[in-house]
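Residue numbers (the working numbering), protein chains in the order written: chain A, 1 to 244; chain B, 1001 to 1633.
This is the structure in structure tokens:
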């Protein structure tokens, strides 16, 4: 049995709120196997984005464990977590988060530069990804001149430029019109398949989720539904056991 | 890494030229103040050192007057001391010079002014017959005998009455040449000096800014009322015998002369000027403090504006150290640019301030006019290190804060992070503790008579008030909010923005507070100083009329009022009393001190001197008068 690319084992994430705390994730247990496209859906406040931030290691759980490629994130130092993100994870955000001082090509090349790749190599790789997302003509444009759809395609190119094994997308269609949203989801699905990566997409859009191989529904920080694309009900995630 | 620096830092700075320029200027002003003040005061000291070195020649020991010269009859005894190979007597007089000609119906001097006498000249009286072993005259005149002191001119110096040789620098500045006449003030009376030669030796062109003249020793003694007195005897003693000769001379010499190394005079002046320099430097550091606040605010603002970008970069794989590096480097770049600009500006300002600092040093410490800036690599390096170091330290706080905030929090909350309020109460408490420390330091430094404590206390005060700035800002915001309601929504929003950005606003408030504080403290200090002088004048000077020789401030001990003038004043009808005053400097434990002679009887009757312990001036001065005692500050 292959090791899940992403595993949540009894994860609780609580945020302070007023005088008490709010549990964004409440004992979440979930496995995401290698390859394929998993959509996480749920209403606003159901814990979708929190799940993604924990998966990317940019937030830490209150309790429980998150594993990426079998590696418990809680045991990694901050630098090791950063390296993990840099080498094996690509992230696409709802608000794109492209740096305004860099042009599109430089934004896409940034993860490779952060990994220590020479500028020329990084820019060449960025050109390839930009061609894949059909943004080559806008490579030298500054982000503020791009449309929402173009910005998100640039963000997708950036998330894939270092060929990660896991791509996390947080509401990537949230700021796009229907047509652009469909294009972006289709593009992401095609690209991760082409590169053999695993895509976990958080969305509140049923349309976006429709393209996924698996749809996990969250409510109040728990998995309330887990459906394969073929309509089968997935097995309930098993409690985590440390690999022997 | 260089690509990341270019992409993430330099490009951002270049795209915000206004903000970058303002911060660089802030740092530059602070550095410029420190550099300018240090360069100007060091130049004044170096000028004095140059003069001492040039005038000392090959001398390796000298006998100097402790106060107002010593009897010239000691010269032959000094020369006969075993171990002394050569000796040369020197008389030095600072005098005011002008180009007015006395004896043309216009004495050139107006009552109560020294108009027309606008420059100080150091006149060195040397004995040409003793000078040969010192090579001083030869060195001073230079190799080019056509432009220098040829045999004829040398003889003229000896044989002609009131003959002097001036430096090329002085001659060029005043448009003088051999054959011209110069008028100097001697005890308030104009004296005609004939220029017989122009000195071309390089050394003296810079000593005192070139304001040096050489004359025969007898000429100087005659012209400036120094007959029978010597200021110094320069000696060449057998190598290795200096200590022995010095001890022998010390045992033999009268109380008003003592042996010392020529360089000791520079050290005395260094000691004297060091407090002046320290004060100015400490004040200039406040400007650096203001610059630090500017950098702190600039970097903090950069962090605020890029909060989401920082989160995105962390998510993309930039380490915490990388985040710290980017912002510390930003501080470093701003600091480096500011430091370089500040050093350049400091040199320019020093050039402008040189004359003013020279005048102040001259007035306060009798260190004479400075005309050349001595560029000190150490001062420039200090300026660079100060600008760079202070900027990096200022940037460190916001950089660490940016790096320590988890990427998830940064991406999730972004701008809301800035809305978090600083810990007002804790900061205010810390400010009070630091101010208490300032008070304790002041008390301790007064008790221990430790001037450095004053500067430490000043630092504590600035730091203490800076820590109080957030609480103060909050207080002002609350008051402003009440008032703002009357001025509509915009005013209310403005007041609210202050609260929501309290952390950053406090930094700006602290920066303004320190700079306004500096202005106020300087004004108060200057006024207090004036008040002190006023009190001193009221206490000590009760005369209705004062008479002093014109140019006294330049020539000091070389000026005196004729005895018949004093006697005449005493005889004038309506004159109740005449108090004579004679001041001279002497060396005490390596430091210069003033000795002032006044008439105790007149002070006892009319003065208002106040004494420690509250004892009546009349009884103290009466006791001093009967016991032949002195009064010390």
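Quick reminder that beta carbons are idealized off the backbone N, C-alpha and C, glycines included. Values in this document were obtained by computation on a predicted structure and should not be read as measured data.
Contacts that residue i makes with chain A (C-beta to C-beta distance below 7 Å)
i              : result
residue 1319/B : 79 and 82
Residue i, DSSP secondary structure in three states
i              : result
residue 1259/B : strand
residue 1190/B : strand
residue 12/A   : strand
residue 1174/B : helix
residue 1016/B : coil
residue 227/A  : strand
residue 1139/B : Because residue 1139/B sits at a pLDDT of 49, beneath the cut-off of 50, its placement in the model cannot be relied upon, and the following sentence gives the value as read from the coordinates. Here residue 1139/B sits in helix by DSSP.
residue 1036/B : helix
residue 1094/B : strand
residue 64/A   : strand
residue 1253/B : coil
residue 152/A  : helix
residue 1089/B : strand
residue 1120/B : strand
residue 1633/B : coil
residue 216/A  : strand
residue 1214/B : strand
residue 1104/B : For residue 1104/B, the predicted structure reports a pLDDT of 48, less than 50, and the residue's modelled location is therefore unreliable. The matter cannot be settled from this model.
residue 135/A  : coil
residue 257/A  : Residue coverage of chain A in this structure runs from 1 to 244, which leaves residue 257/A outside it and unanswerable.
residue 1301/B : helix
residue 203/A  : strand
residue 1612/B : coil
residue 1081/B : coil
residue 118/A  : coil
residue 17/A   : strand
residue 1235/B : strand
Cβ separation of residue i and residue j, assumed to be a contact under 8 Å, to the nearest whole Å
i              : j              : result
residue 1398/B : residue 1470/B : About 15 Å separates the two Cβ atoms, so there is no contact after all.
residue 1621/B : residue 1606/B : About 11 Å separates the two Cβ atoms, so there is no contact after all.
residue 1374/B : residue 1593/B : With 8 Å as the limit, residue 1374/B and residue 1593/B do not qualify as a contact, their Cβ atoms being about 27 Å apart.
residue 1586/B : residue 1066/B : 5 Å
residue 1200/B : residue 1168/B : 5 Å
residue 161/A  : residue 92/A   : With a Cβ gap of about 12 Å, residue 161/A and residue 92/A do not count as contacting.
residue 11/A   : residue 54/A   : 6 Å
residue 143/A  : residue 98/A   : 4 Å
Contact list for residue i against chain B, beta-carbon separation under 7 Å
i             : result
residue 59/A  : 1406 and 1408
residue 138/A : Chain B residues near residue 138/A: none, gap ~18 Å exceeds 7 Å.
residue 135/A : Result: empty, since nearest Cβ-Cβ is about 18 Å, beyond 7 Å.
residue 106/A : 1007
residue 102/A : 1007
residue 110/A : 1316
Proximity to residue i [Cα-Cα], best of the options
i              : options                           : result
residue 1428/B : 1465/B, 1256/B and 1570/B         : 1465/B
residue 1298/B : 1287/B, 1330/B and 1159/B         : 1330/B
residue 1132/B : 1120/B, 1088/B, 1581/B and 1300/B : 1088/B
residue 33/A   : 85/A, 190/A, 176/A and 167/A      : 167/A
residue 226/A  : 26/A, 176/A and 31/A              : 31/A
residue 213/A  : 221/A, 198/A and 220/A            : 198/A
residue 1128/B : 1216/B, 1445/B and 1353/B         : 1216/B
residue 1458/B : 1505/B, 1518/B and 1409/B         : 1518/B
residue 1404/B : 1467/B, 1318/B, 1258/B and 1183/B : 1318/B
residue 1436/B : 1068/B, 1059/B, 1565/B and 1468/B : 1468/B
residue 224/A  : 46/A, 208/A and 170/A             : 46/A
residue 319/A  : 1321/B, 1530/B and 1474/B         : Only positions 1 to 244 of chain A appear in the structure, and residue 319/A is not among them; the question remains open.
residue 1006/B : 159/A, 146/A and 102/A            : 102/A
residue 1507/B : 1496/B, 1292/B and 1246/B         : 1292/B
Interface residues of chain A facing residue i [CB-CB closer than 9 Å]
i              : result
residue 1042/B : What residue 1042/B touches in chain A: nothing, since even the nearest Cβ is about 43 Å away.
residue 1308/B : 95 and 97
8 Å Cβ cut-off: residues of chain B touching residue i
i            : result
residue 86/A : 1316 and 1317
Where residue i meets chain A, residues with beta-carbon distance less than 8 Å
i              : result
residue 1411/B : 53, 58, 93 and 97
Partners in chain B for residue i, counting only beta-carbon separations shorter than 9 Å
i             : result
residue 166/A : Residues of chain B passing the Cβ test: none, with the nearest at roughly 13 Å.
Chain-ordered residues of the stretch 112 to 132 of chain A with a beta carbon less than 9 Å from chain B: 113, 114, 115, 116, 118, 119 and 122
Residues, ordered as in the chain, of the stretch 181 to 210 of chain A that lie near chain B by beta-carbon distance below 8 Å: none
Short-range partners of chain A found in the stretch 1004 to 1020 of chain B, where Cβ spacing is below 7 Å: 1004, 1007, 1011, 1012 and 1015
Residues from the stretch 37 to 61 of chain A in contact with chain B, defined by Cβ distance under 7 Å: Those residues of the stretch 37 to 61 of chain A that come within reach of chain B (Cβ to Cβ, closer than 7 Å) are 53, 56, 58 and 59.
Contacting positions in the stretch 1284 to 1304 of chain B - beta carbon closer than 8 Å to chain A: none
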